Amino acid sequence: MKPTAHPRFGKGVKLRHDGDGSVMLLIPEGALVLNAPAAAALELVDGTRPLAEIIATVAERFDVSAGRAGEDILDLFERLEQRGLVQ
Amino acid sequence: MSAVPRPLSLLCELTYRCNLQCPYCYNPLDLRSYRDELTTEQWSGVLRQAADLGVVQAHFSGGEPTLRPDLVALVQAAAACGLYTNLITQGTFLDDVLLDRLVDGGLDHVQISIQAPQTALADRIAGATVHDKKLEALRRVLTRDVALTLNCVLHRLNHDSIEEIINFAQRLEIRRLELANVQFYGWAYRNRTALMPTLEQVRHGEQVVAAARERLRSAMEIVYVLPDYFGDFPKPCMNGWGRQFVTVTPNGYALPCPAAAGITTLAFENVRDRSLGEIWRESASFVRYRGTDWMPDPCRSCERRELDWGGCRCQAYLVTGDAGVTDPACSLSPDHASIVALRDAVSGAEPVYRRA
Ligand SMILES: C[S@@+](CC[C@H](N)C(=O)[O-])C[C@H]1O[C@@H](n2cnc3c(N)ncnc32)[C@H](O)[C@@H]1O
Ligand code: SF4
Ligand code: SF4
Chain A
594 MKPTAHPRFG KGVKLRHDGD GSVMLLIPEG ALVLNAPAAA ALELVDGTRP LAEIIATVAE
654 RFDVSAGRAG EDILDLFERL EQRGLVQ
Chain B
-6 MSAVPRPLSL LCELTYRCNL QCPYCYNPLD LRSYRDELTT EQWSGVLRQA ADLGVVQAHF
54 SGGEPTLRPD LVALVQAAAA CGLYTNLITQ GTFLDDVLLD RLVDGGLDHV QISIQAPQTA
114 LADRIAGATV HDKKLEALRR VLTRDVALTL NCVLHRLNHD SIEEIINFAQ RLEIRRLELA
174 NVQFYGWAYR NRTALMPTLE QVRHGEQVVA AARERLRSAM EIVYVLPDYF GDFPKPCMNG
234 WGRQFVTVTP NGYALPCPAA AGITTLAFEN VRDRSLGEIW RESASFVRYR GTDWMPDPCR
294 SCERRELDWG GCRCQAYLVT GDAGVTDPAC SLSPDHASIV ALRDAVSGAE PVYRRA
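Protein sequence lines, in the order shown, are assigned to chains A and B.
With this note's numbering as the guide, the letters of the first sequence map in order to residues 594 to 680.
With this note's numbering as the guide, the letters of the second sequence map in order to residues -6 to 349.
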């Protein structure tokens, strides 16, 4: 997935927030527990926001370099795209 | 004993009634004992209690769940509790009206099963003329705002068609395909000699799936559920007994695994008598094999014990008569020869069709 892509969730994919602050991605037949940066990135997925902007926002919020955050988040989106969970 | 884990998934087996007769069905043989089904109110209560326990997903299955007239109401009830909702169906009743009502009611995902990609073979396995109807249902679901998985249970009678199943899914532009090697419980256990795939079929199947994954990449996710009797180690059944999954049978028994009712040495408890939370936390039927404390050798000292949790309790019971031993599907089990014997006991006998 390229930084210029506008990711959106596939059908049957949704975020769930629990009272204790934990966030999961609910998918057909399962649930992925997300760490805080991954949760923050996926909360920004709306089909219009470019991936580059998502990465920049998360990098700023978690006070890490855009390069480092970019790698982790690109990797996350690649894996989700591979499974058809994000397009 | 460490803290009681949080269940994540509730399987609602709404009814064991079904208009098909698949000989591979894992439903129990004594289908008639399950006729006293929970009411809509009772199921709604189960869903609410499950959500309070931390469950995030509700699966509606059976039998054929679309035979319950209150299915839409139950999907709505689950969605109102914040649960992700999944319908597991063979699709023969999934017409436009029902599908629209389900999607409007908050259904997130549908899994439709076929018996084979070819109409004649599929209808022969199902024991009814239904394949073309399922095809209509699949097409219908693809046009709606709901996720779809196509499921096909693999066994000796259709294993050679794996490639055709994948092509069938590809023609329909299905994004998620589950090829599940038959697991031997219920009717499938009864029919095991007729359904057992051959070693060549299993090995060939693995190659076909690997090649298709390479070719299709993100266009289709193929889930390939490994056959149980052919590996060195058992499956991590239910990710551990009483750890993440709870099943409720049509007549209200809470089980750690859908096949567990077959274990007659455990006393299962009913949601009509006790809350789901109490049963989950305290019932001996859930506590007995939770975690690793119950394990005998070779599991007790094995480094894989928190990877596969000693395998499947139901299989241990079915094959050895003792639910508390290492799954005989494990090559380290002293009972492994029994599994090898079952795997090699292939007969040309016609399977017995499921009936009440
Ligand atoms: C028992 S069925 C009930 C739902 C519906 N009647 C159907 O067949 O799709 C639940 C799911 O398990 C699959 N299944 C049935 N028997 C099985 C077995 N012995 N091993 C593995 N999967 C099985 C079905 O294909 C279906 O996807
Ligand atoms: S597996 Fe076949 S017989 Fe069993 S419930 Fe599903 S459709 Fe009916
Ligand atoms: S001995 Fe037990 S824990 Fe070890 S691999 Fe076999 S079943 Fe799993």
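Think of the CB as a built atom: it goes at the ideal place given N, C-alpha and C, for glycine as much as any other residue.
Everything numeric in this text was worked out from a predicted model, so none of it was measured.
Does any C-beta atom of chain A lie closer than 8 Å to the C-beta of residue i?
{"i": "R283 of chain B", "result": "no"}
{"i": "T240 of chain B", "result": "no"}
{"i": "D136 of chain B", "result": "First, the residue type needs correcting, since residue 136 of chain B is Thr and not Asp in the sequence shown. Closer than 8 Å: no."}
{"i": "N160 of chain B", "result": "no"}
{"i": "M(-6) of chain B", "result": "Because the pLDDT at M(-6) of chain B is just 49, under 50, the model does not fix this residue reliably, and the point stays unresolved."}
{"i": "R168 of chain B", "result": "yes"}
{"i": "E207 of chain B", "result": "no"}
{"i": "A211 of chain B", "result": "According to the sequence shown, residue 211 of chain B is Ser rather than Ala. It does: the Cβ of S211 of chain B has a partner Cβ on chain A nearer than 8 Å."}
{"i": "R(-1) of chain B", "result": "no"}
{"i": "D97 of chain B", "result": "no"}
{"i": "Q50 of chain B", "result": "yes"}
{"i": "E156 of chain B", "result": "no"}
{"i": "Y217 of chain B", "result": "no"}
{"i": "A121 of chain B", "result": "no"}
Measuring alpha carbon to alpha carbon, tell me which of the options ends up nearest residue i.
{"i": "P321 of chain B", "options": "B:C292, B:L24, B:L300, B:T186", "result": "B:C292"}
{"i": "G255 of chain B", "options": "B:W180, B:V202, B:R28, B:Q108", "result": "B:W180"}
{"i": "A247 of chain B", "options": "B:Y222, B:A277, B:N232, B:P227", "result": "B:A277"}
{"i": "A632 of chain A", "options": "A:E622, A:T641, A:P621, A:A652", "result": "A:A652"}
{"i": "H378 of chain B", "options": "B:G56, B:I105, B:D286", "result": "What is shown of chain B runs -6 to 349, which leaves residue 378 of chain B out entirely."}
{"i": "R295 of chain B", "options": "B:I272, B:T313, B:C323, B:A316", "result": "This sequence places Cys at residue 295 of chain B; Arg is not what is there. The candidate whose alpha carbon is nearest that of C295 of chain B is B:C323."}
{"i": "T285 of chain B", "options": "B:P229, B:Q308, B:E271", "result": "B:P229"}
{"i": "E166 of chain B", "options": "B:V134, B:D315, B:A203, B:F53", "result": "B:V134"}
{"i": "G235 of chain B", "options": "B:W273, B:L209, B:Y77, B:E214", "result": "B:W273"}
{"i": "G56 of chain B", "options": "B:N20, B:V201, B:Y77, B:R298", "result": "B:N20"}
{"i": "A119 of chain B", "options": "B:L92, B:L91, B:R94, B:G84", "result": "B:G84"}
{"i": "P220 of chain B", "options": "B:G198, B:F86, B:G341, B:L7", "result": "B:G198"}
{"i": "R149 of chain B", "options": "B:R347, B:A338, B:R348, B:A349", "result": "B:A338"}
{"i": "A70 of chain B", "options": "B:T82, B:L60, B:H52, B:I81", "result": "B:H52"}
{"i": "L100 of chain B", "options": "A:M594, A:K604, A:T650, A:F670", "result": "A:K604"}
{"i": "Y17 of chain B", "options": "B:D88, B:Q176, B:N244, B:R297", "result": "B:Q176"}
Quick check on residue i - is its C-beta less than 8 Å from some C-beta in chain B?
{"i": "A624 of chain A", "result": "yes"}
{"i": "L635 of chain A", "result": "no"}
{"i": "R661 of chain A", "result": "no"}
{"i": "R676 of chain A", "result": "yes"}
{"i": "G603 of chain A", "result": "yes"}
{"i": "R672 of chain A", "result": "no"}
{"i": "P596 of chain A", "result": "no"}
{"i": "R642 of chain A", "result": "no"}
{"i": "L667 of chain A", "result": "no"}
{"i": "R609 of chain A", "result": "yes"}
{"i": "P630 of chain A", "result": "no"}
{"i": "P600 of chain A", "result": "no"}
{"i": "L619 of chain A", "result": "yes"}
Should residue i be counted as a contact of ligand 2 given a C-beta to heavy atom distance under 7 Å?
{"i": "G663 of chain A", "result": "no"}
{"i": "R61 of chain B", "result": "no"}
{"i": "C417 of chain B", "result": "The question about residue 417 of chain B has no answer here: the residues shown for chain B are numbered -6 through 349."}
{"i": "N20 of chain B", "result": "yes"}
{"i": "Q111 of chain B", "result": "no"}
Just reading off the beta strand (DSSP E) that residue i is part of, what are its end residues?
{"i": "I81 of chain B", "result": "77 to 82"}
{"i": "K126 of chain B", "result": "Taken as a continuous stretch (DSSP letters only), K126 of chain B belongs to no beta strand (DSSP E), being part of the alpha helix (DSSP H) at 124 to 135."}
{"i": "S2 of chain B", "result": "2 to 8"}
{"i": "N144 of chain B", "result": "140 to 147"}
{"i": "V339 of chain B", "result": "Neither: V339 of chain B is in no beta strand (DSSP E) and is coded neither H nor E."}
{"i": "T240 of chain B", "result": "238 to 241"}
{"i": "H350 of chain B", "result": "Only positions -6 to 349 of chain B appear in this structure, which leaves residue 350 of chain B out of reach."}
{"i": "V616 of chain A", "result": "616 to 620"}
The alpha helix (DSSP H) that contains residue i, what's its start and end?
{"i": "T186 of chain B", "result": "185 to 188"}
Between residue i and ligand 3, is the CB less than 7 Å from at least one heavy atom?
{"i": "L172 of chain B", "result": "no"}
{"i": "W313 of chain B", "result": "The sequence shown places Thr at residue 313 of chain B, rather than the Trp named in the question. Incorrect: T313 of chain B has no Cβ contact closer than 7 Å to ligand 3."}
{"i": "P289 of chain B", "result": "no"}
{"i": "F226 of chain B", "result": "yes"}
{"i": "L325 of chain B", "result": "yes"}
{"i": "D286 of chain B", "result": "no"}
{"i": "D295 of chain B", "result": "The question names Asp, but residue 295 of chain B is Cys in the sequence shown. Yes, the beta carbon of C295 of chain B sits closer than 7 Å to at least one heavy atom of ligand 3."}
{"i": "R298 of chain B", "result": "yes"}
{"i": "G233 of chain B", "result": "no"}
{"i": "G341 of chain B", "result": "no"}
Is there at least one non-hydrogen atom of ligand 1 closer than 7 Å to the beta-carbon of residue i?
{"i": "A181 of chain B", "result": "yes"}
{"i": "E34 of chain B", "result": "no"}
{"i": "G98 of chain B", "result": "no"}
{"i": "S106 of chain B", "result": "yes"}
*Would you list, in sequence order, the uninterrupted beta strand (DSSP E) runs of no fewer than 3 residues that lie entirely inside the stretch 28 to 60 of chain B?*
For the stretch 28 to 60 of chain B, the full-length beta strand (DSSP E) segments reaching 3 residues or more read 50 to 55 along the chain.
*Which residue spans inside the stretch 625 to 655 of chain A form an unbroken alpha helix (DSSP H) run of at least 4?*
For secondary structure counted as the alpha helix (DSSP H) over 4 or more consecutive residues, the stretch 625 to 655 of chain A holds these complete runs in sequence order: 629 to 636, 644 to 654.
*Secondary structure, beta strand (DSSP E): runs of 3+ residues fully inside the stretch 246 to 313 of chain B*: Listed in chain order, they are 246 to 248.
*asked:* To test your reading of the DSSP string, which unbroken alpha helix (DSSP H) runs of 4 or more residues are found completely within the stretch 155 to 182 of chain B?
replied: Runs found: 155 to 164.
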